[in-house]
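**Student:** A single structure is presented below for examination.
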Amino acid sequence: MSPELRELFEIKQEAESKKTGQPASQNVANHLLIRLGIIIAGTIAFGVAISESKGWDGLGLLILMAAFHAVWLLFIIIETAILQSRNKFVLRNINLIFILILLLIYGIGGIFLFGFA
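Just so we're aligned: 105 in numbering that gives the first Met the number 0 is position 106 of the sequence shown, and the numbers increase by one with no gaps anywhere.
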């Protein structure tokens with residue numbers, strides 16, 4: 000398309016590049032470090048609080064840690080759908096790996112807790 004027609008119809012070059020299927024910019028290291036940092040920092044904070052608690056407080060904090068992990072998992076699932084729609088497939092795959100790892104950890108923990116009782 001000629002530059003005169005683009006100017007006449009106010010078509011931006013950005014829209015043209017999205018039609019060609021160019022991949023969107025993806026900062027993999029930043030994406031990975033932020034998500035991993037949040038889950039590790041939250042888990043360590045709850046772990047320290049659980050180890051210093053006495054009586055039933057530890058069980059309550061353990062339930063709160065599971066709720067924190069569930070909210071983080073929900074956020075990652077929603078973000079995965081958004082990344083899929085924005086054609087950021089590498090970042091989507093990283094989120095899918097996070098989902099798989101967290102589900103495996105809780106699945107293995109559930110097997111050990113309830114399977115051998």
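Ideal Cβ positions, reconstructed from N, Cα and C, are used throughout, including at glycine.
Using only the alpha-carbon positions, how far apart do residue 54 and residue 60 sit?
**Tutor:** Locating residue 54 in the sequence shown gives position 55, where the first residue counts as 1. Locating residue 60 in the sequence shown gives position 61, where the first residue counts as 1. One C-alpha to the other measures close to 11 Å.
**Student:** Using C-beta distances below 6 Å, list every residue in its chain close to residue 67, excluding the 5 sequence neighbours before and after it, in chain order.
**Tutor:** Translated into the one-based positions of the sequence shown, residue 67 becomes position 68. Answer for residue 67: 41, listed in chain order.
**Student:** Look at residue 72 and residue 37 and say whether their C-beta atoms are less than 8 Å apart.
**Tutor:** Taking the first residue of the sequence shown as position 1, residue 72 is located at position 73. Taking the first residue of the sequence shown as position 1, residue 37 is located at position 38. No, the pair does not count as a contact, with Cβ atoms beyond the cut-off.
**Student:** Where does residue 113 sit, in a helix, a strand or coil, going by DSSP?
**Tutor:** By one-based count along the sequence shown, residue 113 stands at place 114. Three-state result, residue 113: helix.
**Student:** Might you give, ordered along the chain, the residues of its own chain that have their beta carbon closer than 8 Å to the beta carbon of residue 103, omitting 5 neighbours on each side?
**Tutor:** Translated into positions along the sequence shown, residue 103 becomes position 104. Excluding positions up to five away in sequence, the list is empty.
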